[in-house]
Structures are given as structure tokens and as C-alpha cells.
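Trainee: To start, I am sharing the structure in question, which I have written as C-alpha cells.
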Amino acid sequence: MAQLMSKIRWGRGAVLLIAGAYFLVPMVCSIIFSVDDNTGFSLKAYTGLLGAPGFLDSLTFTLELAAVTVVVMLLLLVPALIAVRLGSQRLRTVIEIVCSLPLVVPVVALTAGIIGVLRWGPDYLHDTPFFQTIVAIQNPSFPVVLVLAYVLMSLPLAYRALDAGLRGVDVRTLVEAARNCGASWPRAVVTVVLPNLRGALLNATFITLALVLGEFTTSSILGYQPFSVWIYEAGKNDGQMSVAVSVLSLVIAWVLLLALSAVGRERRGRKPARP
Amino acid sequence: MTTAPTPVPSSAAADRDSTRVGGGAGGSRTAPKNPLADRTAPRRRLRPAGGPWLATLPLLVFFAIAFGLPAIAIAIGAFTLSPDAPSGAGSFTTSNMTASVQGAYSTALLGSIKLSALTALIGVLVGLPLAQAVVTSRFRMMREAVLSASGVLANFGGVPLAFAFVATLGNAGELTKQFKLTSHGWSLYTFNGLTIVYLYFLIPLMILTITPALEGLRVQWREAASNNGATNWQYWRHVALPILLPSLLGGYVMLFGSAFAAYATAAAMVGASIPLIPLHIADALSGNVLVGQGNVALALSLDMIVVAAIVMAVYLPLQRRSARWLS
Numbered sequence: 001m002a003q004l005m006s007k008i009r010w011g012r013g014a015v016l017l018i019a020g021a022y023f024l025v026p027m028v029c030s031i032i033f034s035v036d037d038n039t040g041f042s043l044k045a046y047t048g049l050l051g052a053p054g055f056l057d058s059l060t061f062t063l064e065l066a067a068v069t070v071v072v073m074l075l076l077l078v079p080a081l082i083a084v085r086l087g088s089q090r091l092r093t094v095i096e097i098v099c100s101l102p103l104v105v106p107v108v109a110l111t112a113g114i115i116g117v118l119r120w121g122p123d124y125l126h127d128t129p130f131f132q133t134i135v136a137i138q139n140p141s142f143p144v145v146l147v148l149a150y151v152l153m154s155l156p157l158a159y160r161a162l163d164a165g166l167r168g169v170d171v172r173t174l175v176e177a178a179r180n181c182g183a184s185w186p187r188a189v190v191t192v193v194l195p196n197l198r199g200a201l202l203n204a205t206f207i208t209l210a211l212v213l214g215e216f217t218t219s220s221i222l223g224y225q226p227f228s229v230w231i232y233e234a235g236k237n238d239g240q241m242s243v244a245v246s247v248l249s250l251v252i253a254w255v256l257l258l259a260l261s262a263v264g265r266e267r268r269g270r271k272p273a274r275p
Numbered sequence: 001m002t003t004a005p006t007p008v009p010s011s012a013a014a015d016r017d018s019t020r021v022g023g024g025a026g027g028s029r030t031a032p033k034n035p036l037a038d039r040t041a042p043r044r045r046l047r048p049a050g051g052p053w054l055a056t057l058p059l060l061v062f063f064a065i066a067f068g069l070p071a072i073a074i075a076i077g078a079f080t081l082s083p084d085a086p087s088g089a090g091s092f093t094t095s096n097m098t099a100s101v102q103g104a105y106s107t108a109l110l111g112s113i114k115l116s117a118l119t120a121l122i123g124v125l126v127g128l129p130l131a132q133a134v135v136t137s138r139f140r141m142m143r144e145a146v147l148s149a150s151g152v153l154a155n156f157g158g159v160p161l162a163f164a165f166v167a168t169l170g171n172a173g174e175l176t177k178q179f180k181l182t183s184h185g186w187s188l189y190t191f192n193g194l195t196i197v198y199l200y201f202l203i204p205l206m207i208l209t210i211t212p213a214l215e216g217l218r219v220q221w222r223e224a225a226s227n228n229g230a231t232n233w234q235y236w237r238h239v240a241l242p243i244l245l246p247s248l249l250g251g252y253v254m255l256f257g258s259a260f261a262a263y264a265t266a267a268a269m270v271g272a273s274i275p276l277i278p279l280h281i282a283d284a285l286s287g288n289v290l291v292g293q294g295n296v297a298l299a300l301s302l303d304m305i306v307v308a309a310i311v312m313a314v315y316l317p318l319q320r321r322s323a324r325w326l327s
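Protein sequences appear in the order of chains U and P. Counting from 1, position 138 in the first sequence corresponds to residue 138 in the UniProt record's numbering; the numbering is continuous, with no gaps. Counting from 1, position 167 in the second sequence corresponds to residue 167 in the UniProt record's numbering; the numbering is continuous, with no gaps.
Written out as C-alpha cells, the structure is:
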């Protein structure tokens, strides 16, 4: 038995090592590339960054979009998913279909459709209040249309993450138990169901955050300039700097997500382990 | 779909169910009394009245707006003449659709399908053992580092990823220079090059997708299997993989969809040197088409949707079938 276990451990080590190499090599090479001046070592790709026009603007713009998208996504999905776990089978099927359908429409196609809808504004709706709405959601300082698109794109991924978590938790029994102990409705959901879903909630948040931080298709075609579009534009002039920013954006995103998971771990530490 | 012990077919049955639960809940207090008192006593219901609809309504409304409207725009646009057409703008036509499945467009469509099918398959096969290794790791820190890194990479798949690979394996990339790969016929800007780059975000996506399912595998199942004399291989072949099959199929579909829709990586890396359908759509959207063919972009979008829908249609019965084994 011990022999078997050690064999498994070796297998695991090998798998992780090979995968680690595959995923680290491009990162290391990118760093070397970004500091490798023709004459030798140089950090100018990094030092010139903060002064680069549009860098900070696009970064804050992206972070704002990401925060709003995550909040909207969770508010829409979590109550719906918990409700259908308790409720009717038919409604659950509806939600499953709704959350899977965006998968059928690739982002480029969705963007084409969005452009089609936005074009209705000037074409057909000029004298109606809808026209003002269409103008308002394209407000360049905070384009709601991007949030709508991002939440829609994140639905399948976030749904799967949350649903997988819910699958491992017997929501019905948990809620029954909480209700039987006299918990009110919100209390049963917030203090009993949600803590059991922490992993799934974090997963869903992870995926959505990363999706928004890296999103390029919709924003570039609609003509906004979040971080990824800025990197692309910068890359046209200065290849080295664009590689430097690419590495940095990875690190920024990773640190952000690690911090998020640290928050989750802290919470976990405060409570006794669940059985 | 699989864990609910008693699927509740209708709302009436659900109500009965909740009453039963409620009765059991307050059993010691209310039940022994008059059953009519049940109506006035504060009942503990399994869910509040109208709860399911109230909780799902925002999602459905959002979906109708954010998904329904663009879908309608595509459906209408694909079959009408472009607004910039010389005459008859807005009238019904099938010329957009026929144009979208001919010549360069059909090559691009097939190229996209081939690339997505291949990369998704590799992604599933590599991602599963990797996720298992991560899930069963003793080091929680490493686990969290890998999962968050996967979260980044799964969507790092965009411009930064393209630049990272250009710096690594591009014509002037570090590895290319180091090992003189160009003289061995290597080029990043080919089908194979793009496959490697796509795997860089598809494998992490697979890890993220499959991890919750792997966490759902109970230790007891493995113990039971090994107590009955099953080898590690037998455990995986007869216990774990059948349980995981729906999740694996779901993962494949998700990876296919992700690869099929991926635009940023290809756009930033290869430009138009590899025919892929998203590149053509973006091109058409930004006006790089003949006058009067603006709606070809919408027709191409419809083509993509049809392909993705066929994949889903294949996947759903498969998933239902494997779900039956679970219950």
C-alpha cells in the first residue's frame, strides 16, 4: 500500500513538473525578451511604462468594469441557482438552457449582434426614449453595454462553477435543517448555504474577473480602450514594451486573484472545519 | 440534475412537498393540534411563496435583453440586404448566407472547426490528470497558486498571451533564437503554432472546469474500491471516470466553444495569415468588405452559431445518458 502511495506521489510530481515547465517557459522567455536590449540588460521597457500615455486610464477603466461585472453576475446567478435547486425541475432546466446558450453564440458573433442592435437606435428609434437609452449605455466613461456583454459571456462559466459547487452540497437538506432550527429565509441562505458554496463562489468570481481583465474582442470592435486593447495598441509601436506589459498584466491579475483566494482562506480559518 | 433525491414535477407537488417538510419542521409544536391551525400558525416553508420565480426573474429579464436583442439583430440582419446596399436596403435576401459559406469564408469556417476540435481534445486529455494532481496535492498553497494561475491563464488568452508567445517562439523569440528553430522549419504563425498557443489557455480552463467535479469524488469510493481489491487503474476505469463523464463532456464542449470563439489571440498574433472565421467577422464588421455586403458579418455570425449549436446538440443527449448512470 505504501509502495502504491509513493508511486502515485511520484506520478503526481512528474505531471506537475512537466506542466509547470510548459506554463513557466513562455513567461520566463517573455521576461528575458523584455529586458534583453541588443546591447545587454535594460529595464527601460518597464520604467517607461508608467509614463506611457493611457496606461493608468485603461487600467482603472478595466478594473471598474471588472468589479461591476462580478457583482452583477453574482446577484443574478446565485439567488436563481439556489432557488432552482429547491424548486421545480422545469425551472432548473430553463436556467440551465439560459446559462448554456451564450456558449452557442461566440463573442465575435455576439458583438456583431450588439452592433446591429446599437444601429437600430439612429435607424429606427430616433424619436423614442429607447434612443436615449442606447446612447446612455454607450457612454464612453462607463459603457454599460460592455457590462451587459461581459455578464452574458461569464454566464456559462460562472454557472458551471456554481452548479458544480451546488451539486456537491445538499441544498435542500441544509435549508430544511436551518429552517427547522428557526432560521429566517435570508439567514438560512446567507449563513448556511453560501458558506458551503465558498469554493464555488470564489471559482465563479475568479473566472469572471479574469475574463473581464483579458477581454479584447467586444471592447476593441466597439471601440473602447480597456487594458487589453491598450496593450495591443502599444505593441504596434514598441514590441518590447508590449511584452513587458503582457508579463505585468499577468502578474497583476494573478496577484489580484491570489488576494481574493487569501480572503477566502481567512474566512475558512475563522470557522471550525466542516465535517 | 443528478443529485436531487426526488425531482418535483410540478409546483403543486412542490407545495405539497414543502407543506410536508413544514409539518415535519414544526411537528412537535403544530402538528398534534388541529390540522386547520396549520393555516394560521407561522409555517416554516421550504421556500417563500413565489420564491423561485422571484429569484430567477432578474436573470431571465437580463438574458432577454442582453442575449435576445443581439440574437434578433443577427437573425434579421443575416437575411436582409445591408443598409449600405445600392438599392433595396432592408429587403429579404439569402445572398448574405450563400456568400458566407463560399470561397475564403468556407475555408475559414473549416479551419476554425478543425483547430477547435483538436485543441479541445488535447486540452481535456491533458487537463484531467493535471487537475487530479492539483486537487489531491498536500500543499494547499500550491493548490491555490495553481488554481488562481489557471484563472488568469484561461483568460490571459488574449493579447498578452499572443505577445508572450511571440517573445518565446516567434521569429525573434528567445527559444527560436536559442535553438535555431527556424532552420528546423518551425514557425509560430501556422496551424501547429496556434495549437500550442491555444492549449496555453485551454488546459487551465479545463483545470478550472473539472476541479469542482474532482473534489466531488468521495474518498470513501476509492477506499471501497481498494478494499474490494481494485487497482488504481480499475478504480479510475470503473468508478471515477464514469462518474466524471458528464463533467468531462461538458468540459470538452466548453473548450471547443472557447477555442472556436477565440479572437484576440489569433488577431494579435497571426493577423490574417491563418484563415479563421472570427477574424473574417471582425474584418467585415470594421467595413473591410465590398459595398453592400456589410450584413455578411451577421451571416458569418449565424454560421458560427449554427456550428456551436450542432456541438451542443450532440453533447446534450450524451450528457443526459451519462447522467442516468449517476442516478
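All residues carry an ideal CB built from backbone N, CA and C; glycine is no exception.
Within this structure, are the beta carbons of L205(P) and A154(P) separated by less than 8 Å?
Mentor: For this step, residue 205(P) is matched to residue 205 along the second sequence. For this step, residue 154(P) is matched to residue 154 along the second sequence. Going by C-beta atoms, L205(P) is nearer than 8 Å to A154(P).
Trainee: Consider the Cβ of I281(P): report whether some Cβ of chain U lies at a distance smaller than 8 Å.
Mentor: Position 281 of the second sequence, counting from 1, holds the residue named residue 281(P). At least one chain U Cβ lies under 8 Å of I281(P).
Trainee: How many angstroms separate the CA atom of P129(P) from the CA atom of Y198(P)?
Mentor: Position 129 of the second sequence holds residue 129(P). Position 198 of the second sequence holds residue 198(P). Distance between the alpha carbons of P129(P) and Y198(P): 19 Å.
Trainee: Could you tell me the alpha carbon to alpha carbon distance between K177(P) and A167(P), rounded to whole angstroms?
Mentor: For the purposes of this step, residue 177(P) is identified with residue 177 of the second sequence, where counting begins at 1. For the purposes of this step, residue 167(P) is identified with residue 167 of the second sequence, where counting begins at 1. Near 10 Å, if we compare the C-alpha coordinates of A167(P) and K177(P).
Trainee: Strictly by DSSP, which residues pair up with F92(P)?
Mentor: Counted from its first residue, the second sequence places residue 92(P) at position 92. For F92(P), which the question treats as bridged, DSSP gives the partners T80(P).
Trainee: Going by DSSP in three states, D36(U) sits in which element: helix, strand or coil?
Mentor: Start at 1 with the first residue of the first sequence, and residue 36(U) comes out as number 36. DSSP places D36(U) in strand when its eight states are reduced to three.
Trainee: What's the gap between the Cα of I28(U) and the Cα of L60(P)?
Mentor: As a position in the first sequence, residue 28(U) is number 28, starting the count at 1. As a position in the second sequence, residue 60(P) is number 60, starting the count at 1. In the sequence as presented, Ile is not what sits at residue 28(U); that position holds Val. Roughly 45 Å between the two C-alpha positions.
Trainee: If you scan the segment 170-251 of chain P from start to end, which runs of the beta strand (DSSP E) of 3 or more residues do you find wholly inside it?
Mentor: Segments of the beta strand (DSSP E) lying fully in the segment 170-251 of chain P: there are none.
Trainee: Thinking C-alpha only, which one of T39(U), Y46(U) and L17(U) is nearest Q240(U)?
Mentor: Walking along the first sequence from the start, residue 240(U) turns up at place 240. Nearest option by C-alpha distance: Y46(U).
Trainee: Report yes or no: is there a C-beta of chain U within less than 8 Å of the C-beta of F191(P)?
Mentor: Here the question's residue 191(P) lines up with position 191 in the second sequence. No, because no Cβ of chain U sits closer than 8 Å to the Cβ of F191(P).
Trainee: Just checking, does the segment 259-278 of chain P make contact with the segment 201-221 of chain U on the three C-beta pairs under 8 Å criterion?
Mentor: Yes: the two stretches touch, three or more of their Cβ pairs being nearer than 8 Å.
Trainee: Given I207(U), which residues of its chain have a CB within under 8 Å of its CB, disregarding the five upstream and five downstream residues?
Mentor: Here residue 207(U) refers to the residue found at position 207 when the first sequence is read from its first residue. Excluding positions up to five away in sequence, the list reads S154, L157, A158 and A161.
Trainee: Grab me the residues of R85(U)'s own chain with a C-beta within less than 6 Å of its C-beta, minus the 5 sequence neighbours each way, in chain order.
Mentor: For the purposes of this step, residue 85(U) is taken as the residue at position 85 of the first sequence. Cβ within range, chain order: L166 and V171.
Trainee: So, are the CB atoms of L285(P) and A297(P) less than 8 Å apart?
Mentor: By 1-based counting over the second sequence, the position of residue 285(P) is 285. By 1-based counting over the second sequence, the position of residue 297(P) is 297. Against a cut-off of 8 Å, the Cβ pair of A297(P) and L285(P) comes out as a contact.
Trainee: Chain P beta carbons: is any one of them nearer than 8 Å to that of S261(U)?
Mentor: Counting from 1 along the first sequence, the entry for residue 261(U) is found at position 261. Yes, because at least one Cβ of chain P sits closer than 8 Å to the Cβ of S261(U).
Trainee: Given G11(U), which residues of its chain have a CB within under 7 Å of its CB, disregarding the five upstream and five downstream residues?
Mentor: Stepping through the first sequence from its first residue, residue 11(U) is reached at position 11. If we look at G11(U) and ignore the five residues flanking it on each side, it has no Cβ neighbours.
Trainee: Return the chain-ordered ranges of every alpha helix (DSSP H) run that is complete within the segment 91-175 of chain U and spans a minimum of 4 residues.
Mentor: Qualifying alpha helix (DSSP H) stretches, in chain order: 107-124, 129-136 and 144-167.
Trainee: Quick check on this structure: which residue in A299(P), V306(P) and Y200(P) has the alpha carbon closest to the alpha carbon of V152(P)?
Mentor: Position 152 of the second sequence, counted from the first residue, corresponds to residue 152(P). Cα-wise, what sits closest to V152(P) is Y200(P).
Trainee: Report the CB separation of A80(U) from T56(P) in whole angstroms; it is logged as a contact under 8 Å.
Mentor: Your numbering for residue 80(U) matches position 80 in the first sequence. Your numbering for residue 56(P) matches position 56 in the second sequence. Indeed they touch by this definition, with Cβ atoms about 4 Å apart.
Trainee: Following a CB-centred definition, is V193(U) positioned closer than 7 Å to any heavy atom of the ligand SAH?
Mentor: Absence of the ligand SAH from the depicted structure is noted, as is the absence of any ligand whatsoever, leaving it without description.
Trainee: Check the Cβ of V239(P) against every Cβ in chain U and list those closer than 7 Å, keeping chain order.
Mentor: Numbered from its first residue, the second sequence carries residue 239(P) at position 239. Going along chain U, no residue has its Cβ under 7 Å from V239(P), so there is no contact; the nearest lies around 16 Å.
Trainee: Could you tell me which chain P residues have their CB closer than 9 Å to the CB of S246(U), listed as they occur along the chain?
Mentor: Taking the first sequence and counting its residues from 1, one reaches residue 246(U) at position 246. Here the neighbours are F156, V159, P160, L161, A162, F163, A164 and A167.
Trainee: Contact check, T80(P) vs F92(P) under 8 Å by CB: the rounded distance?
Mentor: As a working mapping, residue 80(P) is identified with position 80 in the second sequence. As a working mapping, residue 92(P) is identified with position 92 in the second sequence. The Cβ separation is near 6 Å, so the contact holds.
Trainee: When the Cα of D163(U) is compared with those of D303(P), G216(P) and A162(P), which residue comes out closest?
Mentor: The residue labelled residue 163(U) in the question sits at position 163 within the first sequence. Comparing Cα positions, the closest option is G216(P).
Trainee: Is any beta-carbon of chain U found at less than 8 Å from that of L109(P)?
Mentor: The residue labelled residue 109(P) in the question sits at position 109 within the second sequence. Judged by the 8 Å Cβ criterion, L109(P) is not in contact with chain U.
Trainee: Around the Cβ of V307(P), are there at least 16 other Cβ atoms within 10 angstroms (buried) or fewer (exposed)?
Mentor: As a working mapping, residue 307(P) is identified with position 307 in the second sequence. By the 10 Å Cβ count, V307(P) comes out buried.
Trainee: Can you list the residues of chain P that V107(U) reaches, using a CB-CB cut of under 7 Å?
Mentor: In the first sequence, counting from the first residue as 1, residue 107(U) sits at position 107. Within 7 Å Cβ-Cβ: A261 and Y263.
Trainee: Within the same chain, show all residues whose beta-carbon is closer than 6 Å to that of L175(P), passing over the 5 residues directly before and after it, in chain order.
Mentor: For the purposes of this step, residue 175(P) is taken as residue 175 along the second sequence, with counting starting at 1. Excluding sequence neighbours, L175(P) sits near T168 and L169.
Trainee: Specify the secondary structure class of F227(U) as computed by DSSP and reduced to three states.
Mentor: In the first sequence, counting from the first residue as 1, residue 227(U) sits at position 227. Note: F227(U) maps to helix in three-state DSSP.
Trainee: Can you give me the C-alpha to C-alpha distance between L214(P) and A133(P), rounded to a whole angstrom?
Mentor: By one-based count along the second sequence, residue 214(P) stands at place 214. By one-based count along the second sequence, residue 133(P) stands at place 133. The alpha-carbon atoms of L214(P) and A133(P) are separated by roughly 10 Å.
Trainee: Could you compute how far the alpha carbon of S34(U) sits from the alpha carbon of L161(P)?
Mentor: What you label residue 34(U) is simply residue 34 of the first sequence in a count that begins at 1. What you label residue 161(P) is simply residue 161 of the second sequence in a count that begins at 1. Straight-line Cα distance between these residues: approximately 14 Å.
Trainee: Could you check which residue in W254(U), L250(U), W230(U) and L222(U) has the C-alpha nearest to that of V107(U)?
Mentor: Position 107 of the first sequence, counting from 1, holds the residue named residue 107(U). Of W254(U), L250(U), W230(U) and L222(U), the residue nearest in Cα terms is L222(U).
Trainee: Quick check: the Cα distance between A37(P) and P58(P), rounded to an integer number of angstroms?
Mentor: Stepping through the second sequence from its first residue, residue 37(P) is reached at position 37. Stepping through the second sequence from its first residue, residue 58(P) is reached at position 58. Caution is warranted here: a pLDDT of 43 is assigned to A37(P), below 50, making its placement in the model unreliable, and the coordinate value is therefore given only provisionally. Between A37(P) and P58(P), the C-alpha separation is close to 36 Å.
Trainee: Which residue marks the beginning of the alpha helix (DSSP H) containing A188(U), and which one marks its end?
Mentor: Within the first sequence, residue 188(U) is the residue found at index 188, counting from 1. Unbroken run through A188(U): none, as it is neither H nor E.
Trainee: Tell me which residues of the segment 115-149 of chain U have at least one Cβ-Cβ distance to chain P shorter than 8 Å, keeping chain order.
Mentor: Per Cβ criterion, the list reads I115, G116, V117, R119, W120, D123, L148 and A149.
Trainee: For chain U, find out if any of its Cβ atoms is closer than 8 Å to the Cβ of M97(P); answer yes or no.
Mentor: Along the second sequence, read from residue 1 onward, the residue named residue 97(P) stands at position 97. Chain U contact via Cβ: absent.
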